[in-house]
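Enquirer: Questions regarding the structure given below will be posed in turn.
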Amino acid sequence: MHQIWKIALGGLCLASASINSIAAEVPSPARPLKVVVIAMFGPEAEPFIKPLGLTQSMTVPGLAQGSKEAEFEPRMLCNADDVCLLQAGMGHANAAASTMALTLDPQFDLRQTYFMVAGVAGIDPAMGTIGTATWSRYLVDVGIAHEIDAREMPKGWKAGYFGIFSKGPGVKPKLDYRTEVAQLDEALLQKVLALTKNAKLQDDPKAAAYRKLYKEKAARALPSVIQCDTLGGDTWWHGHKLGQHARDWTGLMTDGKGVYCTTQQEDNATYNALQRAAHAGKVDLKRLMVLRTGINFDRPHPGQSAFDSLKSDGGGFGISTQNLYLTGGLVINDILKNWPQWRTGVPAP
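Right, here's the structure in full:
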């Protein structure tokens, strides 16, 4: 009798263990996210963390690089309202890899998520000033090109760059890479412009004094929210001649529709990662917005060399990072407040 009881008890334990094993194998439902802010490094991320209560540190496979410097290490933070911030890392490679890692993580449902790139950039003084917040319509990659050193380029050329497999400067390439230029959703662009047009942006006495050294009206104005387009490439270029090339290249790649104003590294790479995720049904590419604030001018003021301009401190670091949240936060708060409308698509402006 004692032996029979032991056998029965053993069977019960095995059954219980099997049930627990099956329960452990059942995956948790994916967590739907409303907004993901994509910043590149710590100072871009910090202005969002406290106001949004981003206290949940998330583990995303393939994201962390093992760096001990939180300022540069990729990370993911979230809050209880399903708003998260991805600190992707700087440059094309980091941005693409980190964004793709997030979209492949099964713990998140990103199909109705709004993505907001939020980063600082150099700005064309003809278009805006230090601290200005810009929303992009076009993302243009300036790095995919042939280059001939300016000291060896043919006479009459304004720059040594021209499109891959094109005949020369001024000829639009065939876009064989499929990542050279992208246009963001117009309805979302108009909505964020309407929400942020009256944003109260920060300024700085040092930036105010520095911008007075420029002749352009836009450069001398106070920081504001504008619409213009962004140029991406991993080289930190600077100066009048390369600045003119940026204007020309943006116009060429957008068939004259785009207007260059900011220079940064990551946005085409981030877009491409999200585009591939969209093809897999994981995200809605129409829900991507790109916000860049002017941290410095992309060319010198009269009497200043390009090198001195590149190395100068025009007082833009603090206000450009803070103005990311002062602009982008207005959009995030509206999404949270009116989520039933945003969930199904972009509400009318």
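The opening position of the sequence shown corresponds to residue -19 in this note's numbering, with each subsequent residue numbered one higher. Ideal placement from N, C-alpha and C gives every residue a C-beta, glycine not left out.
So for Leu175, helix, strand or coil by DSSP?
Expert: The residue you call residue 175 lines up with position 195 of the sequence shown. Looking at Leu175 - three-state DSSP - the assignment turns out to be helix.
Enquirer: Can you list the beta strand (DSSP E) stretches of 3 or more residues lying completely in the segment 26 to 69, in chain order?
Expert: 36 to 38, 55 to 58, 63 to 67
Enquirer: Quick one: what's got a C-beta closer than 6 angstroms to His281's C-beta in the same chain, skipping five residues either side?
Expert: As a position in the sequence shown, residue 281 is number 301, starting the count at 1. If we look at His281 and ignore the five residues flanking it on each side, its Cβ neighbours are Leu193, Tyr194.
Enquirer: Can you say whether His72 is buried or exposed, counting buried as having 16 or more other CB atoms within 10 angstroms of its CB?
Expert: Stepping through the sequence shown from its first residue, residue 72 is reached at position 92. Buried, by the Cβ-count rule.
Enquirer: May I ask you to list the residues that DSSP assigns as paired with Phe95?
Expert: Translated into the one-based positions of the sequence shown, residue 95 becomes position 115. According to DSSP, Phe95 bridges with Val16, Leu268.
Enquirer: Between Ala187 and Gly296, which are expected to be in contact by the criterion C-beta below 8 angstroms, what is the C-beta distance as a whole number of angstroms?
Expert: Sequence index remark: in the sequence shown, residue 187 carries index 207 (1-based). Sequence index remark: in the sequence shown, residue 296 carries index 316 (1-based). Right, their Cβ atoms sit about 5 angstroms apart.
Enquirer: If I follow the unbroken beta strand (DSSP E) through Gly212, where does it start and stop?
Expert: Counted from its first residue, the sequence shown places residue 212 at position 232. Per DSSP, Gly212 belongs to the beta strand (DSSP E) from 209 to 212.
Enquirer: Three or more C-beta pairs closer than 8 angstroms, one from the segment 100 to 110 and one from the segment 124 to 138: is that the case here?
Expert: The segment 100 to 110 is not in contact with the segment 124 to 138.
Enquirer: So, at 8 angstroms on beta carbons, what are the nonlocal neighbours of Ser1 in its own chain, with the 5 sequence-adjacent residues on each side left out?
Expert: By 1-based counting over the sequence shown, the position of residue 1 is 21. Low confidence applies here, because Ser1 scores a pLDDT of 49, under 50, leaving its location unreliable and the question unanswered by this model.
Enquirer: Between the segment 239 to 249 and the segment 207 to 215, do three or more beta carbon pairs fall short of 8 angstroms?
Expert: yes
Enquirer: Let me confirm a value: Asn178 is counted as buried when at least 16 other C-beta atoms fall within 10 Å, else exposed. Which label applies?
Expert: As a working note, residue 178 is residue 198 in the sequence shown. Counting Cβ neighbours within 10 Å, Asn178 comes out exposed, since fewer than 16 surround it.
Enquirer: Threshold first: 3 residues or longer. Then list the beta strand (DSSP E) segments lying entirely within the segment 216 to 278, N to C.
Expert: 240 to 244, 268 to 277
Enquirer: On a Cα-Cα basis, can you pick out the residue from Phe145, Ile144, Pro149, Gly143 that is closest to Gly136?
Expert: Here the question's residue 136 lines up with position 156 in the sequence shown. For Gly136, the nearest C-alpha among the options comes from Pro149.
Enquirer: Using the Cα positions of Thr301 and Asp183, report the straight-line distance between them to the nearest angstrom.
Expert: Here residue 301 corresponds to residue number 321 of the sequence shown, with the count starting at 1. Here residue 183 corresponds to residue number 203 of the sequence shown, with the count starting at 1. Taking the straight line joining both Cα atoms gives about 11 angstroms.
Enquirer: Enumerated in chain order, which unbroken segments of the alpha helix (DSSP H) with a length of 4 residues or greater are wholly contained in the segment 119 to 184?
Expert: Those alpha helix (DSSP H) runs which fall completely within the segment 119 to 184 and span 4+ residues are 166 to 176.
Enquirer: Spell out the partners DSSP gives Arg11 in its beta bridges.
Expert: Indexing the sequence shown from 1 puts residue 11 at position 31. Note: Arg11 sits in a beta bridge opposite Phe88.
Enquirer: Would you give the residue range spanned by the beta strand (DSSP E) that Ala286 belongs to?
Expert: Here residue 286 refers to the residue found at position 306 of the sequence shown. Premise fails: Ala286 lies in the alpha helix (DSSP H), 286 to 291, not in any beta strand (DSSP E).
Enquirer: Going by DSSP, what residue range makes up the beta strand (DSSP E) through Thr114?
Expert: The residue labelled residue 114 in the question sits at position 134 within the sequence shown. Where Thr114 is concerned, the enclosing beta strand (DSSP E) stretches over 113 to 115.
Enquirer: For the pair the segment 164 to 178 and the segment 75 to 84, tell me if three or more CB-CB distances fall below 8 angstroms.
Expert: no
Enquirer: For Thr189, count neighbouring C-beta atoms within 10 Å of its own C-beta (all shown protein chains included) and say buried if the count is 16 or more, exposed if not.
Expert: The residue given as residue 189 occupies position 209 in the sequence shown. The identity of residue 189 in the sequence shown is Ala, whereas the question assumes Thr. So Ala189 ends up on the exposed side.
Enquirer: Taking the alpha-carbon of Gly102 as reference, which of Ile275, Lys317, Leu304, Gly309 has the nearest alpha-carbon?
Expert: Within the sequence shown, residue 102 is the residue found at index 122, counting from 1. Measuring from the Cα of Gly102, the nearest candidate turns out to be Ile275.
Enquirer: Label Lys30 either buried or exposed according to how many other C-beta atoms from any shown protein chain fall within 10 Å of its C-beta, with 16 as the threshold for buried.
Expert: Within the sequence shown, the letter at position 50 stands for residue 30. Burial call: exposed.
Enquirer: Here's a check: name, in chain order, each residue in its chain whose Cβ is nearer than 8 angstroms to the Cβ of Phe21, leaving out the five neighbours to either side.
Expert: One-based indexing of the sequence shown puts residue 21 at position 41. Same-chain partners within the cutoff: Glu51, Phe52, Gln67, Gly69, Met70.
Enquirer: Whose CA, out of Glu24, Asp293, Cys58, lies closest to the CA of Gln36?
Expert: Reading the sequence shown from its first residue, position 56 is the one you call residue 36. Out of Glu24, Asp293, Cys58, Cys58 has the C-alpha closest to the C-alpha of Gln36.
Enquirer: Quick check on Ala73: does DSSP put it in helix, strand or coil?
Expert: To locate residue 73, count along the sequence shown from 1; it is residue 93. The answer is helix: DSSP assigns Ala73 an H, G or I state.
Enquirer: If you draw a straight line from the alpha carbon of Ala229 to that of Ala60, how long is it in whole angstroms?
Expert: The residue given as residue 229 occupies position 249 in the sequence shown. The residue given as residue 60 occupies position 80 in the sequence shown. Going by the sequence as given, residue 229 is Trp instead of Ala. Approximately 43 angstroms between the Cα atoms of the pair.
Enquirer: Going by DSSP, what residue range makes up the alpha helix (DSSP H) through Thr109?
Expert: In the sequence shown, the residue the question calls residue 109 occupies position 129. Segment: none, Thr109 is in no alpha helix (DSSP H) and carries neither H nor E.
Enquirer: From Phe277 to Val16, what distance separates their C-alpha atoms?
Expert: What you label residue 277 is simply residue 297 of the sequence shown in a count that begins at 1. What you label residue 16 is simply residue 36 of the sequence shown in a count that begins at 1. Going from the Cα of Phe277 to the Cα of Val16 covers about 28 angstroms.
Enquirer: Take Ser116 as the anchor and find which of Ala130, Arg131, Val100 has the nearest alpha-carbon.
Expert: By one-based count along the sequence shown, residue 116 stands at place 136. When each option's Cα is compared against that of Ser116, the closest is Val100.
Enquirer: Determine the closest residue to Phe95 out of Pro327, Ile312, Pro9, with distance taken between C-alpha atoms.
Expert: For the purposes of this step, residue 95 is taken as residue 115 along the sequence shown, with counting starting at 1. Of all alpha-carbon atoms in Pro327, Ile312, Pro9, the one lying nearest the alpha-carbon of Phe95 is that of Ile312.
Enquirer: Let me know the secondary structure DSSP gives Val326 once reduced to three states.
Expert: If you number the sequence shown from 1, residue 326 lands on position 346. Reduced to three states, the DSSP call for Val326 is coil.
Enquirer: For the alpha helix (DSSP H) that Ser300 lies in, which residues bound it at each end?
Expert: Within the sequence shown, numbered from 1, the residue matching residue 300 stands at position 320. Run containing Ser300: 297 to 317, per the alpha helix (DSSP H) assignment.
Enquirer: Is the Cβ-Cβ distance between Tyr141 and His218 less than 8 angstroms?
Expert: By 1-based counting over the sequence shown, the position of residue 141 is 161. By 1-based counting over the sequence shown, the position of residue 218 is 238. Contact flag unset, no.
Enquirer: How long is the line joining the alpha carbons of Pro134 and Phe145, rounded to whole angstroms?
Expert: Within the sequence shown, the letter at position 154 stands for residue 134. Within the sequence shown, the letter at position 165 stands for residue 145. Near 17 angstroms, if we compare the C-alpha coordinates of Phe145 and Pro134.
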